[in-house]
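Numbering (the working numbering), first residue to last: 556 to 737.
Notes follow the structure.
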């Protein structure tokens, strides 16, 4: 029986042997991010983010990974289950002796209802708002109300064999996210 994720203005089914990992404090308080852990290693991460320039966001993601790991290979890819203009990049790198595959899907063309739901998530007051402890990199409601629509950044990552084994599940989740309307 599949489990259901119902948070962050998103709803989708996922395997019941996956677990929703505890979010970091900033993500938990803002409702902006969640991670689902895959048995055997790997994860699916979701994060709402403002993006005036999606290409710049992709560049930042790639730069961050390249700073952390050597010899990162990048490939732009496409899934037939999402719009052809949906940015999808695959990054491959070695960690210890394992080949890691990391796929980023930036869902920029979600139905209007999903964007409204995301903006409602960001309008919820948090304990960190207005405090000096709030991180500068944490998106705020102001970023979304000033014309930058929210982008759902989905990161799928696992060792290459586990990635291949779970790719159909990843695809089913992406399809649910791309097609849902609240």
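Ideal Cβ positions, reconstructed from N, Cα and C, are used throughout, including at glycine.
{"Query": "Helix, strand or coil at residue 644 according to DSSP, with G and I counted as helix", "Result": "strand"}
{"Query": "Distance between beta carbons of residue 646 and residue 628, contact taken as under 8 angstroms", "Result": "7 angstroms"}
{"Query": "Own chain partners of residue 575 with C-beta closer than 6 angstroms, once the 5 adjacent residues on each side are dropped", "Result": "591"}
{"Query": "Environment of residue 721 [buried if 16+ CB atoms lie within 10 Å]", "Result": "buried"}
{"Query": "Candidates 600, 731, 665: closest to residue 710 by CA position", "Result": "600"}
{"Query": "First through last residue of the alpha helix (DSSP H) which encompasses residue 726", "Result": "715-734"}
{"Query": "Three-way DSSP call (helix, strand, coil) for residue 570 in this model", "Result": "coil"}
{"Query": "Segment contact flag, the stretch 610-619 with the stretch 718-732, C-beta cutoff 8 angstroms, min 3 pairs", "Result": "no"}
{"Query": "Other residues of its chain near residue 724: CB distance less than 8 angstroms, five sequence neighbours each side excluded", "Result": "569, 570"}
{"Query": "Inter-residue spacing [alpha-carbon to alpha-carbon] between residue 588 and residue 712", "Result": "16 angstroms"}
{"Query": "Residue 625 versus residue 560 - alpha carbon distance", "Result": "34 angstroms"}
{"Query": "Through-space distance from residue 610 to residue 558, alpha-carbon basis", "Result": "33 angstroms"}
{"Query": "Among 595, 705, 716, nearest to residue 603 - alpha-carbon criterion", "Result": "705"}
{"Query": "Residue environment, residue 642, which counts as buried when at least 16 other CB atoms sit within 10 Å", "Result": "buried"}
{"Query": "Short Cβ contact (8 angstroms threshold) for residue 651 with residue 612", "Result": "no"}
{"Query": "Cα-Cα separation between residue 708 and residue 665, rounded to whole angstroms", "Result": "12 angstroms"}
{"Query": "Inter-residue spacing [alpha-carbon to alpha-carbon] between residue 654 and residue 636", "Result": "26 angstroms"}
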